[in-house]
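Read the structure below first, then the notes.
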């Protein structure tokens, strides 16, 4: 007995010792950054306070009173609905109390806290509302943040660190040094004014970072900045670009890559936002530096990585520790611990809502602490774990992955879409985008403003730049209004609202004040030209291109490339010159600064010069979505030059501009590695017409190399199998993602004709395809697949809705007018329906007489259907009172009672080398884990090595992992919404899976889900749902689910017809699922949100 007790004690001691060692070894910290911004929506001159811009309360009041009207515009401005924006309950709370309350809920953890970035423009907007007690804001709106700022960690740092930011949410890497410094100092002033806060940290708007901004940050007293962790990972030598959703932007340029290896890599993607990340490198704090090219002085700061993937999860559904446990914890390093920084908007989507602040924050933090992680703040973390001075890394340019169609592109394309030809993938000087136009206006305005500053002696006061007012000098007033056009959201949202004129309006006012200074100092000009940070196209010359602007297809880029920029000077430009030099060994090590200075050294060649072509930017197009009712007083010139004839070379370059007074400006030095590609025109043997089809058109896909054995392997909406109505004759099913259609030879051309895609049962936005020539010969567009975008079509014809009814055996249903969901875009009235097909079971009668195909039913209240014991359906079109007929065909379906719904069944073929071991399944939904402990439940063994697990019928979308008692484990299989069978697919020794047909697995039925229609499609801010009239009077729950299976919005409603708001749902294609409280009714449809 004593020996037994001693043995147990020894075992316990060993367990405690090993456990303590493990906890010390893994040493992971967690913290948050919540970002808040609303721009100064209409920064015109205030009518309340002279020489000051308008903020939210005044702009709204003037607009509602019929003011803020301008020649050429029929409406008052801003066109944004400020009351709707600012009065949302979640925002009212987020801007005043929610962050404090969230931190209060985790106060039991000694150092737990968060960082918060909030633009000065938003602070002044709130102040304008608070002093009027308007829309839920009080005069003491700032006090809850101040209270939380006063709570301290063990190191004496704020638990709510209100970090440095730009005054107006300006995109740091795209504005000039002078502008960035004023923006940061202006924010410091306003944040201190309202919160008394000072911080050593910086959050760059949109996470958009460049090493070029480090000098300015240091000069502003900033010691650390957040950076997106993908822009650390992409610099590593063993990073392999995937050219798919995990890398849906250009590959990193070799000039940005270092010798360091990441070793441990994992892929993670959600909602199109993909990452390939190295552990622990992408989760450790490092140092980064910038070399002043004039004198070689090095400016250095700490860079703290935000978790791109986990942050997005936390902002849209709430993070948990499972990803950390499986992907990060096994590779952590006690010497350089990891920090899990969840950074996302704190006032948008789910991450800005009540459930997030009141539930998710405490849930994650408590769970992290229970797992042995350490909740903290960044400043506390850096004090406890100072970054070694020699831990200097390279950080690639780019923003976080959140911005749709930018995805972290190193050239910030969502705020600066390139000027290029989509046919040749070369720079196009005749190109035009509203973003580029705005930067041309901003560049010109800045030259006026900086010239006014220089003429006044350069000692401007930041309080007058920030606050405006008659006490300021004219140069200070010029800066005050210049700020108003810099919010990056004006570029992000493109043609929306009145974004396109905001930089012109504020620029014109700034120039008005600057001109007074210039006129008072006639003939004096000591200010160099203003030059926008130079851009290049293509980004990776001589390499393979892949990005949103290539249509997510691989294209060969020419090794010849252009450098382009905007330049302006009040006194006029004398010359604009591209300078470039060739590196001698093709490497730019962090340890050497010769590539980073104008002086250079023996590692680089001499500078060569190319005079840049200088011309006005292409004129504004005639576009019904744009109204340039305010034209800019000044716009910078477009300047460009081409570098040709180089391959496999590292090149340094910058632009030098000289004005007519002899003042000179040099841009920072940038670097590009030129590949060896020949730049062959991207013309393959696969084409389709029309190239930009609408949903009402057919699409003809041709392939020059096809044969009688070739098949089009295709799906829709990011690889979902098309419904039967879209499948041409001869099409065979392949999986839940695709079907295969044989090519036909028509007049000597092999082709497949698809469409039109106008059936409401499946709204189609893309056709995705590859071509199978034989079992071992596939054309998958160099790994990128082919994608055809399908646009919606506008029509005067009426629309209707599919009908789905549940009926007893032998029962009769009589239709009503509302069943058919009639809608006319031109206000016509409902005439009736035209019958296209008859039910295969039961009888359809009108006024007691059997209905015939092509019959027009003008009184649908006399139409009834009598069931048998089998479910059936018929199809019809809608007709209005002018005999216009709907483009789409609709289906009336009758499900006969007695067919119980079943849950999702997933079935997995056990690998043969697992022997007699069982198969485990781990599963989770967007809101919870379904099992209590990893590796989950045992699956049920079936015949032929297949194992199955059936979920409760209440689970309509689930994520799963298969494993052999935890090791090995499959990749995450996301968004399973129907019964599916899987086999192992093991490329590159990665445990991935593929969907297969379910014959022979023992799998039976899918759950019975009734289809409904949603209209209008596409939806902008709201849509209608019509459910069958089953007599149910309780609540329905509607979930909008993205294509990765994540629920992005839940709405509770009553009744058979409901208007659903979807304003905060991002653009994309979604699945809508509706169920009633007792689970007896389940409906589904597609939603396209624009």
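In this note's numbering, the protein residues as written are 115 to 1204. C-beta: ideal position from N, C-alpha, C; glycine also. Quick caveat: nothing in here was measured; it's all calculated off a predicted structure.
Go to residue 933, then tell me how far its beta strand (DSSP E) extends in each direction, as first and last residue. Residue 933 -> no beta strand (DSSP E), and no H or E assigned at all.
By how many angstroms is the C-alpha of residue 923 removed from the C-alpha of residue 1023? 39 Å
Close Cβ partners of residue 435 (< 8 Å) along its chain, the five nearest in sequence each way excluded: 478, 481, 482, 485 and 487
Where does residue 531 fall in DSSP's three states? coil
May I have a chain-ordered list of the beta strand (DSSP E) segments no shorter than 3 residues that lie completely inside the segment 905 to 991? 917 to 921, 926 to 928, 944 to 951, 957 to 960 and 977 to 980
Compute the Euclidean distance between the alpha carbons of residue 990 and residue 948, then round it to the nearest angstrom. 5 Å
With a 10 Å radius around its C-beta and 16 neighbouring C-beta atoms as the bar for buried, classify residue 734 as buried or exposed. exposed
For the pair the segment 598 to 617 and the segment 149 to 157, tell me if three or more CB-CB distances fall below 8 Å. yes
For residue 322 and residue 529, the rounded distance between their alpha carbons: 11 Å
Which of helix, strand or coil does DSSP assign to residue 1188? strand
Residue 617 vs residue 561 beta-carbon contact at 8 Å: no
Ignoring anything shorter than 4 residues or poking outside the segment 563 to 633, list the alpha helix (DSSP H) runs there in chain order. 576 to 581, 588 to 597 and 603 to 606
Let's see if you can read the secondary structure: which residues bound the beta strand (DSSP E) around residue 688? 687 to 696
Check whether the Cβ atoms of residue 148 and residue 237 lie closer than 8 Å to each other. no
6 Å CB neighbourhood of residue 527 in its chain, flanking five on each side removed: 520
First and last residue of the uninterrupted beta strand (DSSP E) at residue 330: No beta strand (DSSP E) holds residue 330; the alpha helix (DSSP H) holding it covers 328 to 333.
Rounded Cβ spacing between residue 556 and residue 621 (contact assumed at less than 8 Å): 7 Å
N- and C-terminal bounds of the alpha helix (DSSP H) containing residue 205: 203 to 208
Locate the beta strand (DSSP E) running through residue 445, then write down its first and last residues. From DSSP, residue 445 is part of no beta strand (DSSP E); its letter is neither H nor E.
Is the beta carbon of residue 539 less than 8 Å from the beta carbon of residue 659? yes
Please report how far the alpha carbon of residue 997 lies from the alpha carbon of residue 844, in whole angstroms. 35 Å
Would you say residue 223 and residue 196 are within 8 Å of each other, going by their C-beta atoms? no
From residue 474 to residue 1106, what distance separates their C-alpha atoms? 31 Å
Can you find at least 3 beta carbon pairs, one from the segment 633 to 653 and one from the segment 774 to 787, that sit closer than 8 Å? yes
If contacts are defined as beta-carbon pairs under 8 Å, then residue 878 and residue 809 qualify, I think. What distance do you get, rounded to the angstrom? 7 Å
Quick check on this structure: which residue in 889, 344, 465 and 823 has the alpha carbon closest to the alpha carbon of residue 859? 823
So, helix, strand or coil for residue 245, using DSSP? coil
So what does residue 381 bridge to, in DSSP terms? 390
Sorted by chain position, which residues of the same chain lie with C-beta nearer than 8 Å to residue 669's C-beta, five sequence neighbours on each side aside? 539, 658, 659, 660 and 796
Let me make sure I understand the geometry here. Which of 567, 678 and 663 has the alpha-carbon closest to that of residue 531? 663
Would you say residue 1133 and residue 1200 are within 8 Å of each other, going by their C-beta atoms? no
Where residue 842 and residue 761 are concerned, what is the direct C-alpha to C-alpha distance, given to the nearest angstrom? 48 Å
Of the listed residues 397, 298 and 331, nearest to residue 345 (C-alpha basis): 397
Following the continuous beta strand (DSSP E) through residue 412, name the residue where it begins and the one where it ends. 412 to 420
Going by DSSP in three states, residue 494 sits in which element: helix, strand or coil? helix
Residue range of the alpha helix (DSSP H) that includes residue 304: 291 to 309
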